[in-house]
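Position in the sequence shown counted from 1, then plus 159, gives you our numbering.
For glycine and all other residues, C-beta sits at the position ideal for the given N, C-alpha and C.
A quick note: this is a predicted structure, and the numbers were derived from the prediction, not measured.
Okay, so here's the structure we're looking at.
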Amino acid sequence: GAGAEDSALAFMLMDVDYFKQINDRYGHEHGDQVLSEISRLLKLALREQDYVGRWGGEEFLAVLPNADSRRAMQVAERVRQTVAQHDWQQYGLDAPVTLSIGISQHQAGEVLGDSVSRADAALYMGKHGGRNRVELAE
160 GAGAEDSALA FMLMDVDYFK QINDRYGHEH GDQVLSEISR LLKLALREQD
210 YVGRWGGEEF LAVLPNADSR RAMQVAERVR QTVAQHDWQQ YGLDAPVTLS
260 IGISQHQAGE VLGDSVSRAD AALYMGKHGG RNRVELAE
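Structure follows, in structure tokens:
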């Protein structure tokens, strides 16, 4: 039956850790390859009904319908691991590429932009908490 999860909507904002260093060290062509590959990996790791797209320079935004915060955390953790465990050496990178991820749960009556802002605040916490991690917004 239709539970709370069916109407739930979560946002996942993802940022490539140390992307500027990747660009500076390996060049923009490598940087672009990394972003394309992450885009591909995200589509593999997300669920059928999820939508993901580029959001700013090295950020991606995923919209997760029918996802309460517990489900969103599971999906985000799968995404984080998929990217971190990927073979990045085939791109000439000598260190793994990782993502920091901020999640917010859309609240009733909330403007969508505010939900994304809260995901962004959670992402910021994740970056300052050591990167390569998932943070859930307040």
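For residue i, the nearest candidate out of the options (CA to CA)
{"i": "residue 214", "options": "208, 294, 275", "result": "275"}
{"i": "residue 286", "options": "271, 277, 261", "result": "261"}
{"i": "residue 176", "options": "167, 190, 166", "result": "190"}
{"i": "residue 170", "options": "282, 291, 289", "result": "282"}
{"i": "residue 259", "options": "294, 269, 252, 227", "result": "294"}
{"i": "residue 198", "options": "224, 180, 181, 217", "result": "217"}
{"i": "residue 290", "options": "203, 240, 229", "result": "240"}
Residue burial classification, residue i (beta-carbon count within 10 angstroms, cutoff 16)
{"i": "residue 187", "result": "exposed"}
{"i": "residue 244", "result": "exposed"}
{"i": "residue 264", "result": "buried"}
{"i": "residue 238", "result": "buried"}
{"i": "residue 297", "result": "exposed"}
{"i": "residue 183", "result": "exposed"}
{"i": "residue 279", "result": "buried"}
{"i": "residue 292", "result": "buried"}
{"i": "residue 174", "result": "buried"}
{"i": "residue 207", "result": "exposed"}
Terminal residues of the beta strand (DSSP E) in which residue i lies
{"i": "residue 204", "result": "Looking at the DSSP string, residue 204 is not in any beta strand (DSSP E); the run it does join, the alpha helix (DSSP H), is 187-204."}
{"i": "residue 174", "result": "168-175"}
Which residues DSSP lists as bridging residue i, in chain order
{"i": "residue 218", "result": "174"}
{"i": "residue 213", "result": "219"}
task: Return the chain-ordered ranges of every beta strand (DSSP E) run that is complete within the region 222-297 and spans a minimum of 3 residues.
output: Those beta strand (DSSP E) runs which fall completely within the region 222-297 and span 3+ residues are 258-264, 293-295.
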